[in-house]
Amino acid sequence: MRALTLISAFVGGAIVGCGAALLFAPEKGSDVRTRICGILKRKGIKISDQEVDALVAELVGAEE
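Encoded structure:
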């Protein structure tokens, strides 16, 4: 019975870990850029795709 409990705990932990990984996995870059454009446009800020790409490149360069 003890081995069954251990296996159940391991399988349960694996399921929870996989679920957490799916929830916290980053989105594709193109999806994030689209969301950024949408948010900025709703706020009244007109921005082109090239400007968003330049902004992302600048932010990524600042992190290094």
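For what it's worth, the working numbering labels the leading residue of the sequence shown as 170, then goes sequentially.
Note that CB positions come from ideal geometry on N, CA and C, so glycine has one too.
Own chain partners of residue i with C-beta closer than 8 angstroms, once the 5 adjacent residues on each side are dropped
| i | result |
| --- | --- |
| D222 | R202 |
N-terminal and C-terminal residue of the alpha helix (DSSP H) that residue i is part of
| i | result |
| --- | --- |
| S199 | 198 to 211 |
Alpha-carbon to alpha-carbon, residue j and residue i
| i | j | result |
| --- | --- | --- |
| L173 | K210 | 55 angstroms |
| V180 | R171 | 14 angstroms |
| V185 | I205 | 30 angstroms |
| I214 | E220 | 12 angstroms |
| L224 | I176 | 48 angstroms |
| A226 | A178 | 44 angstroms |
| D218 | L228 | 15 angstroms |
| G198 | A190 | 18 angstroms |
Contact set for residue i: own chain, Cβ-Cβ below 6 angstroms, skip 5 residues either direction
| i | result |
| --- | --- |
| I216 | L209 |
Same chain, Cβ closer than 7 angstroms to residue i, neighbours up to 5 away in sequence not counted
| i | result |
| --- | --- |
| P195 | none |
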